[in-house]
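According to UniProt numbering, the sequence shown is numbered sequentially starting from 1. All C-beta atoms in this analysis are idealised placements derived from N, C-alpha and C, irrespective of residue type, glycine included. All values derive from a computational prediction rather than experimental measurement.
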Amino acid sequence: MTTQTLQQTQSATLTYDGKSVTLPLVRGTEDEVAADIEKLRAQTGMITLDPGYGNTGACKSAITFIDGEKGILRYRGYPIEELAEKSNFLEVSWLLLHGELPTRAQLAEFTNEVTRHTLLHENFRRFFDALPKDAHPMPVCAAAVAALATFYQEPDSDSKLQETVVRLIAKMPTLAAYSYKHSIGQPFIYPRNGLDYSTNFLNMMFATPCDEYQVDPLLARALDLLLILHADHEQNCSTSTVRMVGSSQANLFASISAGISALWGPLHGGANQQVIEMLERIEAEGGDVQKFVDRAKDKKDNSRLMGFGHRVYKNYDPRAAVLKKSCTDVLSRLGIKSRQLEIAVKLEEIALRDDYFVSHKLYPNVDFYSGIIYKALGIPINMFTVMFAIGRMPGWIAQWLEMRSDPANRIGRPRQIYTGATKRGYVAIDQRGR
Ligand code: CMC
């Protein structure tokens, strides 16, 4: 395929079977270029094949920008490092949803709305009662979010959509905390309107009716930071799932529930749980970090260095850089000496000097250090991916809203290259051999 720069317009030419097709080029505001193949099949009969969609843009989006080569992440143009330092999760949520930072009045109103929608319908208790005590909280949360659609009907109608958005952001921490309380057999702790978003979540997780629980503001701030860093990441697996499900005009609750399920996988959000399990394993086996790095490089061995590598980042994930610092701050404030943090830092040092990791451009990603902070906050390991889901909620919703309002949006329906049997006649059962 050759690219021509014409005076005004730009196009790419694809030559196939002696015929040439001109593909218009689409440019983003940060100069990424795409060849628009929408008419390719109509003009040539050919489709493109791109397993894992590594080279396929599925939409235009104005929400999040990533430059994976340079390690840049921005929400609506604002660098993640600045938001992490100066903003809070609800302000970032508003930014993602509306495209601009809120005014003081807008933020106050949004915070008030979210605070007033945190309660779950009392009948929802029966939903938790129906589930086994040892259920993993991720499928519990996915099912609970889908079940919200049975309590709030027609969630996408013009009059209710804004309320649905607020409900999802408000109720997700309550659902998450209830799924934890259910798993340990403790009574649910109701949300408290006097607490901010992250403090309220920690209170619902760790307070009991028997004693007062004081949330350390430093820990609430550490959680808020984690939520900010997870709030959006453009067209990753779970977000693409949310868009794909929503493209059939399935409602917002159903689309988000599907996104939570996609996030659960160990190659995606589930990696944060796997990282801590990996660090625990290394510690239990005597702390031989080099041995583990060697295993992760060995193609005959199935183990990977969890929390390392990324489809888009071919440089240090900027979220991991923020979290590495936060990890040290939180642990020193709590006076915790973490053997697992020492192992993680050593792993990183060895991997970043190792030819295999250097040549494959494998760097720590957001999940590498997040688990150590969650652990310091007292969050149980099987809740780590749920924490990711709480953080990702505004991003999923913003992407879903953008998709729905895009006139170019069509139902998601990829094609395939069929590799099965060609046409053949039906064989009667007694003629098929034994
Ligand atoms: N350890 C060892 N080798 C790795 C790793 C790793 N963590 N990640 C990739 N590789 C190798 C892989 O074996 C392959 O090598 P080769 O080309 O020699 O066969 C090459 O790097 C490319 O790997 P890939 O699987 O084709 O890359 P991908 O873009 O499809 O996958 C990834 C990206 C994140 C799934 C992968 O890097 C991985 O499995 N990492 C560990 C899991 C993880 O930390 N996931 C969290 C991602 S960040 C949070 C999120 O947004 O979900």
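query                                                                                                                                                                                : result
Can Arg415 and Ile47 be called in contact, C-beta distance under 8 Å?                                                                                                                : yes
Start and end of the alpha helix (DSSP H) containing Asp329?                                                                                                                         : Pro318 to Leu334
What residues sit near the ligand CMC, counting only those whose C-beta is closer than 6 Å to one of its heavy atoms, in chain order?                                                : Gly52, His233, Asn236, Leu267, His268, Gly269, Ala271, Ala296, Arg304, Leu305, Met306, Gly307, Phe308, Gly309, His310, Arg311, His360, Leu362, Asn365, Val366 and Asp367
Use the C-beta contact count for Cys210: other C-beta atoms within 10 angstroms, 16 or more gives buried, fewer gives exposed.                                                       : exposed
Considering only C-alpha positions, which residue in the set Ser370, Thr44, Thr118 and Cys141 is nearest to Ser257?                                                                  : Cys141
How many Å lie between Leu6 and Asp367 at the Cα?                                                                                                                                    : Reliability of the predicted coordinates at Leu6 is poor, the pLDDT of 45 falling under 50, and the value obtained from them is presented with this limitation in mind. Distance between the alpha carbons of Leu6 and Asp367 is about 44 Å.
Might you give, ordered along the chain, the residues of its own chain that have their beta carbon closer than 6 Å to the beta carbon of Arg295, omitting 5 neighbours on each side? : Asp301 and Ser303
Does at least one heavy atom of the ligand NAP sit under 7 Å from the Cβ of Phe384?                                                                                                  : For the structure depicted, the ligand NAP is absent and the ligand set comprises only the ligand CMC.
Which residue's Cα is closest to the Cα of Gln235: Glu212, Glu402 and Leu119?                                                                                                        : Glu402
Along the chain, where does the beta strand (DSSP E) containing Leu14 start, and where does it finish?                                                                               : Gln10 to Tyr16
Buried or exposed: where does Lys171 fall if 16 or more other Cβ atoms within 10 Å of its Cβ makes it buried?                                                                        : buried
For a test of the three-state rule: what should DSSP assign to Asp129, helix, strand or coil?                                                                                        : helix
What does the Cβ neighbour count give for Asp298, buried or exposed, with the cut at 16 atoms within 10 Å?                                                                           : exposed
How big is the Cα-Cα spacing for Thr44 and Val21?                                                                                                                                    : 8 Å
Please report how far the alpha carbon of Gln399 lies from the alpha carbon of Thr241, in whole angstroms.                                                                           : 11 Å
Around the Cβ of His360, are there at least 16 other Cβ atoms within 10 angstroms (buried) or fewer (exposed)?                                                                       : exposed
Is the beta carbon of Pro380 less than 8 Å from the beta carbon of Tyr178?                                                                                                           : no
Rounded to the nearest angstrom, how far is the Cβ of Leu331 from that of Ala376, given a contact under 8 Å?                                                                         : 6 Å
Please state whether the Cβ-Cβ distance between Leu223 and Phe201 is less than 8 Å.                                                                                                  : yes
Within 10 angstroms of its Cβ, does Asp50 collect 16 or more other Cβ (buried), or is it exposed?                                                                                    : exposed
At the level of alpha carbons, what is the spacing between Val289 and Gly309?                                                                                                        : 18 Å
Under 7 Å Cβ to Cβ from His136, same chain only, skipping five residues before and after it: list those, please.                                                                     : Asn382
Rounded to the nearest angstrom, how far is the Cβ of Gly68 from that of Val312, given a contact under 8 Å?                                                                          : 4 Å
State the DSSP-derived secondary structure class of Asp156, mapped to helix, strand or coil.                                                                                         : coil
Look at Ala149 and Ala262 and say whether their C-beta atoms are less than 8 Å apart.                                                                                                : no
Does DSSP put Pro217 in a helix, in a strand, or in coil?                                                                                                                            : helix
Might you give, ordered along the chain, the residues of its own chain that have their beta carbon closer than 8 Å to the beta carbon of Leu120, omitting 5 neighbours on each side? : Lys171, Thr174, Leu175 and Tyr178
For Leu14 and Ile228, what's the separation of their Cα atoms in angstroms?                                                                                                          : 42 Å
Please state if the CB of His230 and the CB of Gly391 are separated by a distance shorter than 8 Å.                                                                                  : yes
Since Val366 is in the beta strand (DSSP E), which residue starts that stretch and which ends it?                                                                                    : Run containing Val366: none; DSSP gives neither H nor E here.
Would a C-beta distance cut-off of 8 Å place Pro394 and Ile169 closer than the cut-off?                                                                                              : yes
For Asn315, which residues in the same chain have their Cβ closer than 8 Å to its Cβ, ignoring the five residues on either side in sequence?                                         : Gly68, Glu69, Lys70, Gly71, Lys361 and Tyr363
Just to check my reading of the structure: Val145 and Ile37 have Cβ atoms closer than 8 Å, yes? What is that Cβ distance to the nearest angstrom?                                    : 35 Å between Cβ atoms; not a contact.
Can you say whether Gln431 is buried or exposed, counting buried as having 16 or more other CB atoms within 10 angstroms of its CB?                                                  : exposed
Are Ala42 and Leu25 close, meaning C-beta to C-beta below 8 Å?                                                                                                                       : no
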